[in-house]
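Visitor:
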Amino acid sequence: MRQLLLVGLALFLAHAVVIVGDGLSDDPVPADVAVVLGTTANPDGTLSERLRVRVDAARGLYAEGRVRRILVSGATGVEGVNEAEAMAGWLAAHGVPRRHVLVDPDGWNTWETARHTREILDREGLSTVVAVTSYYHLPRTELALRRHGVEVVGTRHADLIWEARELWSISREIPGIYVYALRDTQDRESS
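In numbering that gives the first Met the number 0, the protein residues as written are 0 to 190.
(1) Nearest CA to the CA of V151: which residue from D31, V95, L12, G44?
(2) Tell me the DSSP secondary structure of L144 in three-state form.
(3) Tell me the residue span of the beta strand (DSSP E) that contains T127.
(4) What residue range is occupied by the uninterrupted alpha helix (DSSP H) comprising E78?
(5) Would you mind sorting L166 into buried or exposed? The rule is 16 or more other CB atoms within 10 Å of its CB.
(6) Distance, Cα to Cα, A74 vs H14?
(7) Determine the extent of the alpha helix (DSSP H) in which L120 is found, giving its start and end residues.
(8) Just checking my contact of E123 with L101 at CB under 8 Å: how many whole Å lie between their CB atoms?
(9) Applying the criterion that 16 or more other CB atoms from any shown protein chain within 10 Å of the CB defines a buried residue, is R98 buried or exposed?
(10) With burial defined as no fewer than 16 other Cβ atoms inside 10 Å of the residue's Cβ, what is the status of V16: buried or exposed?
(11) With distances taken Cα to Cα, identify the nearest neighbour of I69 among L4, E63, A57, V80.
(12) Just to confirm the assignment, what range does the alpha helix (DSSP H) spanning D55 have?
(13) Leaving out five residues on either side along the sequence, give the residues of the same chain with a beta carbon under 8 Å from the beta carbon of D25.
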């Protein structure tokens, strides 16, 4: 039993190192769109710190001329605020013209965001993206986007916010990556 626990711990740590290493290695080459994945917005409509650093990373790519548009994706959580709309408002208040911001208000999860991204890119005649989210979330985000036929040419992780929940966030990505890797591609159309 002890050996089984040690093997399990070693596998967990190996996965965690790969996820963190991959997520922290940015490669934001020029692309059509920066795709920003949502997380909790505050009940008053402002961005939580975690959400703000994600959106600010995309704004930085736009300001540097690395992307022409920003796609914000999120949904309405228990706070009663649509994350995507809150992100779009923040970007407009921080110098990004609203016409350069694409909004997916129904990005309930990473898989849905990827599916909607494919649809929005097709509608807008765009093709390449830089994925923007928290470092631990980037590998699964890239996988979901690619599974939906989105050409991911780079990534940008948000500024680091170290909290105790980082361990939980990294831990949940391990099974999440396997679920997305094994998910039937037919789920793309029905989820």
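Glycine included, every Cβ here is placed at the ideal spot set by N, Cα and C.
The model shown is predicted, which means the values in this text are computed figures rather than measured ones.
Guide: This is what the structure gives:
(1) If we check each option's Cα against that of V151, D31 comes out closest.
(2) DSSP places L144 in helix when its eight states are reduced to three.
(3) For T127, the enclosing beta strand (DSSP E) starts and ends at 127-132.
(4) No alpha helix (DSSP H) holds E78; DSSP gives it neither H nor E.
(5) Looking at its Cβ environment, which holds fewer than 16 other Cβ atoms inside 10 Å, L166 is exposed.
(6) Cα-Cα distance, rounded: 29 Å.
(7) L120 -> alpha helix (DSSP H) spans 109-123.
(8) About 7 Å; that satisfies the 8 Å criterion.
(9) Under the 10 Å beta carbon count, R98 is surrounded by fewer than 16 other beta carbons and is classified as exposed.
(10) Looking at its Cβ environment, which holds fewer than 16 other Cβ atoms inside 10 Å, V16 is exposed.
(11) If you compare the alpha carbons of L4, E63, A57, V80 with that of I69, the shortest gap goes to A57.
(12) Annotation for D55: the continuous alpha helix (DSSP H) segment containing it runs 48-62.
(13) In its chain, beyond the 5 residues on either side, G153, T154, R155, H156 have a beta carbon closer than 8 Å to the beta carbon of D25.
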